[in-house]
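Colleague: Chains as they are written, first to last, in our numbering: chain A, 1 to 414; chain B, 1001 to 1414. Before we start, here is the structure in question, set down as structure tokens.
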């Protein structure tokens, strides 16, 4: 990606997928290779058009008109100045361009004060949220625990006997929710031998290599994962935990995840667009990162969390469930993961909790997806991006965007 | 399919795709083979879940609440008796079961008087409409001609120079619309050498066989079709005509078909669910048969046609455009195609016109999809099915369903 920058990688400028049919060298394909939708800079188009490349299942919004989301746009946001974690002076406006942003919505006290779409994204298009998906799953799991439908102290194998020989057999549901399981699974996208690669194939994100005989579904992949270390020893970010949690929820409720998210979140929030989930080769939703939704709908979700579960005139999830998430988990557990950009944070029920002066907590996904909630500032920031670098954590993304969010929130508090 | 019947092929009874994950032998796969979604009886599930098996593009309904579709259910429909074209006495209720019906909505004077869903279908699920898709494309083409955007007397190559060496070079737009072109293309699904097979691969419906080097997109396939016979010599049903028409419309308007259908039909009619179109390997919509929509939304579309383009408080297409379709074309042209079940019919702008005593005309798709409009009876019948036999025309489907529709309409007229 050496010669690419945010400007020359813009999919509209490049003419990707324009014309009938698009030119051969401008046609994004589902498969890998130079024109594959999984490779940067093709991702700049593909992240807003996942359903045109692969099988998906609807997260239905239902027949009602969407809930109100008033615009009170402000023109003073782009000029907000801040210092990055590397000491660079910049502004909000400059930073969103530099971070390959596809769209940002900022809510202040429930109104849209800032909204922008770039490149392939528009207000009506669902964009892949990647691991922001996990926070939807975690919220539903926490709600089901509150309802007594699942017991977070129970071992996973009580609900999923298929995992009795895997690492998860004796992990508790809570350990899976908080990602403190001991399981051999590397999330390192730059390591070709990392388990996340096999996960990608099993989940149907990547084409299997010639002669592949490994697992061909998320469930069968999870059953292969052996234990490594001890459960409860500390936080390590492993997507397999979310897939276990999602499978467990579906098993217990007897409902597929697209339906659960529709019934418990989409229809109640009054979402503006249907969302959708990527499905694996046997039709189960990929819940570790497969949700696609519109930016305004992600903002609605964040606003509901900011209001302790209230939105659209109703209590959508119990306030105590939101409080438990916003309150975070043990910082010592989180510290062991060594995220330089997130000192003093914790991870609770698939959410990242800052414990900072804004009480901010966030749903986060690779390549720059975020739903950032700052209760003390009455601010929610929903953002989609197609940054060439996958990782958050210690990356350039966090070093710029975390100070940027805080600066804008504090500016709006004034 | 010798041992299958409407009862034992029911996908719910068979447990297809139930459980998390579904059992191996109950899991429908996108590919061919015993568990392939293209083969009966798997189609009984797959026709209601196309997006979970393949890439698709949204036909967006927009943010508004759906238009009203009042229920005035009647309980006297199932008992309506009629005689099939083969002389058998039966009833409406018995016939819909025998025809592998997935769902039927009957409108009388704009209200739902009958509504049923069976097997894998429910009110909120889009079902594949197959060639009913063509009638949406034909209506938009006729409207664009009315607006002066396309000239139906012009040769196709004026709009699509890529087809200058194909059969379509000197065919007029009208000949394509009415399927009176002379082109070497067999629609015979039971002939392994029929061009419809290559179309299926090029459109991304079927997996290419090992070593396939033929066209890999709908557009590139159309360019390969040579002339056979003369243009204007008579009607022959060939899906390639619709794909040419759809390509031409997209080229002229600069808009992809999913957007055109959304803007001109879905949003204006106040549809209840997003629809979607199957897309080919280069992302262009398959317009000969790739539309999926809910049954009520298909009924809304039919009701708009019955009301000469008026629906939801507005004129959605010009009345003269609807009148031209409902008036049909030359019966002599149609007769040459030799459909025993449709004597005296004609084909106009991608619609089948009966010229019968109800002035009925219809959109039709293989395996039993229909939107049947009987202006004189003020009746619209929308139906989805997963009959094992593809063909309409001379098949058992028409021999039962055409008399059934007429009997119910006449019953409602009383």
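Glycine included, C-beta positions come from ideal geometry on N, C-alpha and C.
1. Would you say the segment 1237-1249 of chain B touches the segment 1129-1142 of chain B, given that touching needs at least three Cβ pairs under 8 Å?
2. Within 9 Å of any Cβ in chain A, is that where the Cβ of residue 1001 of chain B sits?
3. Listed from N- to C-terminal order along the chain, which residues in the segment 197-223 of chain A have their beta-carbon within a distance smaller than 7 Å of any beta-carbon of chain B?
4. Would you grab the beta carbon distance between residue 1177 of chain B and residue 20 of chain A for me? Rounded to a whole angstrom, and I think it's under 8 Å.
5. Ignore the nearest five residues each way along the sequence and tell me which others in residue 1108 of chain B's own chain have a CB closer than 7 Å to its CB.
6. What is the DSSP secondary structure of residue 29 of chain A, counted as helix, strand or coil?
7. Can you tell me where the alpha helix (DSSP H) holding residue 241 of chain A begins and where it ends?
8. Is the Cβ-Cβ distance between residue 1171 of chain B and residue 1155 of chain B less than 9 Å?
9. Does DSSP classify residue 1398 of chain B as helix, strand or coil?
10. When the Cα atoms are used, what is the spatial distance from residue 1070 of chain B to residue 1312 of chain B?
11. For chain A, is any of its Cβ atoms less than 9 Å away from the one on residue 1053 of chain B?
12. I need the straight-line Cα distance from residue 1396 of chain B to residue 1250 of chain B, nearest angstrom please.
13. Taking a contact to mean a Cβ-Cβ separation below 9 Å, would you say residue 47 of chain A touches residue 120 of chain A in this structure?
14. Note down, in chain order, every chain B residue with its Cβ under 7 Å from the Cβ of residue 282 of chain A.
15. So with Cβ pairs under 9 Å, would you call residue 1013 of chain B a contact of chain A?
16. Establish whether the CB of residue 1461 of chain B and some CB of chain A are separated by less than 9 Å.
17. Using Cβ-Cβ distances below 8 Å, what residues of the segment 238-252 of chain A are close to chain B?
18. Could you tell me the boundaries of the alpha helix (DSSP H) in which residue 19 of chain A lies?
19. If you drop the 5 nearest sequence neighbours on each side, which residues of the same chain put their C-beta closer than 7 Å to that of residue 1066 of chain B?
20. Could you check which residue in B:1400, B:1023, B:1213 has the C-alpha nearest to that of residue 1086 of chain B?
21. Hey, would you say residue 60 of chain A sits closer than 9 Å to residue 258 of chain A, going by beta carbons?
22. Examine chain A for any beta-carbon lying closer than 9 Å to the beta-carbon of residue 1297 of chain B, and answer yes or no.
23. Just verifying my parser: in three-state terms, what is the DSSP assignment at residue 1123 of chain B?
24. So, are the CB atoms of residue 1112 of chain B and residue 1093 of chain B less than 9 Å apart?
25. Less than 8 Å between the CB atoms is what I'm expecting for residue 348 of chain A and residue 329 of chain A, so what's the real figure, rounded?
26. Secondary structure at residue 230 of chain A, three-state DSSP: helix, strand or coil?
27. I'd like to know if residue 390 of chain A contacts chain B, where contact means its C-beta is closer than 9 Å to some C-beta of that chain.
28. Relative to the C-alpha of residue 277 of chain A, which candidate in A:266, A:79, A:268, A:292 has its C-alpha closest?
29. Using the Cα positions of residue 1001 of chain B and residue 1367 of chain B, report the straight-line distance between them to the nearest angstrom.
30. Cβ of residue 273 of chain A less than 9 Å from any chain B Cβ?
31. According to DSSP, which residues form a beta bridge with residue 1187 of chain B?
32. When we look at the beta-carbon of residue 1149 of chain B and count the other beta-carbons within 10 Å, is it buried (16 or more) or exposed?
33. Would you call the CB atoms of residue 1365 of chain B and residue 1130 of chain B closer than 9 Å?
34. When we look at the beta-carbon of residue 202 of chain A and count the other beta-carbons within 10 Å, is it buried (16 or more) or exposed?
35. For chain B, is any of its Cβ atoms less than 9 Å away from the one on residue 276 of chain A?
36. Using a 10 Å radius around the Cβ and a threshold of 16 neighbouring Cβ atoms, would you call residue 12 of chain A buried or exposed?
Modeller: Based on what the coordinates show:
1. yes
2. Interpretation of residue 1001 of chain B is limited by its pLDDT of 46, a score under 50 that renders its predicted location unreliable; the figure taken from the coordinates is listed afterwards. Taking Cβ atoms only, chain A never reaches closer than 9 Å to residue 1001 of chain B, which makes this a no.
3. 217, 219
4. With a Cβ gap of about 18 Å, residue 1177 of chain B and residue 20 of chain A do not count as contacting.
5. 1378, 1379, 1412
6. strand
7. Residues 239-253.
8. yes
9. Reduced to three states, the DSSP call for residue 1398 of chain B is helix.
10. 13 Å
11. yes
12. 36 Å
13. Their beta carbons are under 9 Å apart, which means residue 47 of chain A touches residue 120 of chain A by this criterion.
14. 1021, 1022, 1027
15. no
16. Residue 1461 of chain B is absent from the structure shown; chain B starts at 1001 and stops at 1414.
17. Answer in chain order: 247, 250, 251.
18. Unbroken run through residue 19 of chain A: none, as it is neither H nor E.
19. The answer, listed in chain order, is 1270, 1271, 1272.
20. B:1400
21. Contact: yes.
22. no
23. coil
24. no
25. 4 Å
26. coil
27. no
28. Nearest neighbour of residue 277 of chain A by Cα position, chosen from A:266, A:79, A:268, A:292, turns out to be A:292.
29. Residue placement at residue 1001 of chain B is poorly supported in this model, since its pLDDT is 46, which falls under 50; the coordinates are not used for a value here.
30. yes
31. For residue 1187 of chain B, which the question treats as bridged, DSSP gives no partner whatsoever.
32. exposed
33. For residue 1365 of chain B and residue 1130 of chain B, yes; Cβs fall inside 9 Å.
34. buried
35. yes
36. exposed
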